[in-house]
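Chemist: 99 is the number of the first residue of the sequence shown in my numbering; add one for each residue after it. This is the structure I have questions about; it appears just below.
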Amino acid sequence: MITVTLLNPDDVKALYEKHGQFACVCYDTPEKHAKRVGISCQRSGHMSGSRCEYIKFRITGLDRGTAEQCMRHEIGTDVPYAFQDNYRFQDAMDTVTSIPADQVVKNCASFRYIDKSGFEWETPATIRRNASALAEYEALMNHINEKRSVIKQLLEDGGCNAKQATQDANFVLPRATTSELVMGFTPEALIHFCHKRMCVRAQEFIREIAFKMQAAIADVSPRFASELMPQCEHLMWCPEQHGSCKRYPTKQELQKILQNGGDTDGYQRKKTQADCLENARGEPGKASSERS
Numbered sequence: 099m100i101t102v103t104l105l106n107p108d109d110v111k112a113l114y115e116k117h118g119q120f121a122c123v124c125y126d127t128p129e130k131h132a133k134r135v136g137i138s139c140q141r142s143g144h145m146s147g148s149r150c151e152y153i154k155f156r157i158t159g160l161d162r163g164t165a166e167q168c169m170r171h172e173i174g175t176d177v178p179y180a181f182q183d184n185y186r187f188q189d190a191m192d193t194v195t196s197i198p199a200d201q202v203v204k205n206c207a208s209f210r211y212i213d214k215s216g217f218e219w220e221t222p223a224t225i226r227r228n229a230s231a232l233a234e235y236e237a238l239m240n241h242i243n244e245k246r247s248v249i250k251q252l253l254e255d256g257g258c259n260a261k262q263a264t265q266d267a268n269f270v271l272p273r274a275t276t277s278e279l280v281m282g283f284t285p286e287a288l289i290h291f292c293h294k295r296m297c298v299r300a301q302e303f304i305r306e307i308a309f310k311m312q313a314a315i316a317d318v319s320p321r322f323a324s325e326l327m328p329q330c331e332h333l334m335w336c337p338e339q340h341g342s343c344k345r346y347p348t349k350q351e352l353q354k355i356l357q358n359g360g361d362t363d364g365y366q367r368k369k370t371q372a373d374c375l376e377n378a379r380g381e382p383g384k385a386s387s388e389r390s
């Protein structure tokens, strides 16, 4: 089971105040108004004052493939000058490829050094729902587990030390093997992460992580948690080029609606994400796709 733990709740609770303290200098605002300034800046998308703050999570029970997805999608401050300090221009930010790595920091449990004897694994929902597929899947995982232990022992018997035998036997570990990860986000980076990973087209486990991050934040800062949402909720239109879940119109559909004076004739909106997920499950390729 995937667990997400917020490591610095006190920092998150004081996030708006800290943001404001950094931003007060801009208009020489008295620091006693720091929290109000931070809320105002964040509401309007002026995020530069928050870029020295980090929100830290420990994530356990996630499969290695999902850990890799967590580690490769990040965004921070390297956006065109005209759009700096305003993450509302999300479509413009999506075109930026030069992203500094220091906006999302992460450390992952090493499959080189950690002995994964008796490893645990994650199972996709489609396999869990199919008894025959589940039986084959679990048999394969148990077989890999057994053979990995055999290989490790043979290497040790052949003269390898325990560390060398562990790191080389671990090469057989499947993508489904569970791991552990710690991540730190600037507020801006976490907003963007949730925009992408709460979408129904994100793979199920990374979507689960995003929602659990939001829930952990909600316990200490409901206001900031309300800013963590799928990108379509933020934009009020769907930026996905393929496989829109119909919760919001695509950009082209929205343009057509506006050109028709707001007439939504012919467009039927799905009302909840649960509706969207159910719709996506019925059409292969619409949900749980791997996205970098």
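Using N, Cα and C, we set each Cβ at its ideal position, and we do this for glycine too. Computed from a prediction, not measured in an experiment: that's the story for all the values here.
#1: Could you tell me if residue 391 is buried or exposed, where buried requires 16 or more neighbouring beta carbons within 10 angstroms of its beta carbon?
#2: Measuring alpha carbon to alpha carbon, tell me which of 285, 335 and 242 ends up nearest residue 312.
#3: Compare the C-alpha of residue 333 against each of 240, 352 and 315 and name the closest.
#4: Relative to the C-alpha of residue 147, which residue among 160, 132 and 255 is closest?
#5: Is residue 323 closer than 9 Å to residue 316 when the C-beta atoms are compared?
#6: Quick one: residues in its chain with C-beta nearer than 8 Å to the C-beta of residue 219, no 5 flanking neighbours on either side, listed in chain order?
#7: Under 7 Å Cβ to Cβ from residue 107, same chain only, skipping five residues before and after it: list those, please.
#8: With residue 138 as the anchor, note down where its alpha helix (DSSP H) starts and where it stops.
#9: When you compare each of 118, 141, 165 and 163 to residue 151 by their alpha carbons, which one comes out closest?
#10: The beta strand (DSSP E) spanning residue 161 covers which residue range?
#11: What separation, rounded to the nearest whole angstrom, lies between the Cα atoms of residue 294 and residue 168?
#12: Just tell me which of 299, 301, 303 and 212 has its CA closest to the CA of residue 261.
#13: By the DSSP assignment, the beta strand (DSSP E) with residue 282 in it spans what residues?
#14: Quickly, what does DSSP pair residue 219 with across the bridge? List them, please.
#15: Just the Cα atoms here: how many angstroms apart are residue 156 and residue 320?
#16: Distance check for residue 99 and residue 310, CA to CA, integer angstroms please.
#17: Taking the Cβ atom as the reference point for each residue, do residue 164 and residue 301 lie within a distance shorter than 9 Å?
#18: So, for residue 282: in the same chain, excluding its five sequence neighbours on each side, which residues have a beta-carbon less than 6 Å away from its beta-carbon?
#19: Alpha carbons only, please: which of 217, 232, 114 and 249 is nearest the one belonging to residue 223?
#20: Name the DSSP beta bridge partners of residue 204, please?
#21: Among 266, 237, 226 and 205, which one has its Cα closest to the Cα of residue 249?
#22: Over the uninterrupted alpha helix (DSSP H) stretch that includes residue 110, give me the two end residues.
#23: For residue 362, count neighbouring Cβ atoms within 10 angstroms of its own Cβ and tell me buried if that reaches 16, exposed if not.
#24: Where residue 243 and residue 214 are concerned, what is the direct C-alpha to C-alpha distance, given to the nearest angstrom?
#25: Report all residues from its chain with a CB closer than 6 Å to the CB of residue 227; omit the five preceding and five following residues, and keep chain order.
#26: Need the endpoints of the alpha helix (DSSP H) that residue 248 sits in, please.
#27: Between the Cα of residue 278 and those of 208, 270, 130 and 345, spot the shortest distance and give me the residue it belongs to.
#28: Name the DSSP bridge partner or partners of residue 336?
#29: So the candidates are 225, 360, 348 and 291; which of them puts its Cα closest to the Cα of residue 330?
Modeler: To lay it out plainly:
#1: Not covered by the structure: residue 391. The range shown for the chain is 99 to 390.
#2: Closest by alpha carbon: 285.
#3: Closest option to residue 333, Cα to Cα, is 352.
#4: 132
#5: yes
#6: 161, 239, 272, 274, 275 and 276
#7: 318
#8: 132 to 142
#9: 118
#10: Start and end: 153 to 161.
#11: If I take the Cα positions, the gap works out to 11 Å.
#12: 212
#13: Unbroken beta strand (DSSP E) run through residue 282: 276 to 283.
#14: 275
#15: 20 Å
#16: Roughly 12 Å separates the two Cα atoms.
#17: yes
#18: Answer for residue 282: 152, 154 and 203, listed in chain order.
#19: 232
#20: The secondary-structure analysis by DSSP pairs residue 204 across a beta bridge with 281.
#21: 266
#22: 107 to 111
#23: With fewer than 16 other Cβ atoms from the protein chains shown falling within 10 Å of its own Cβ, residue 362 counts as exposed.
#24: Taken atom to atom, the span from the alpha-carbon of residue 243 to that of residue 214 is near 9 Å.
#25: none
#26: 229 to 255
#27: 208
#28: 348
#29: 348
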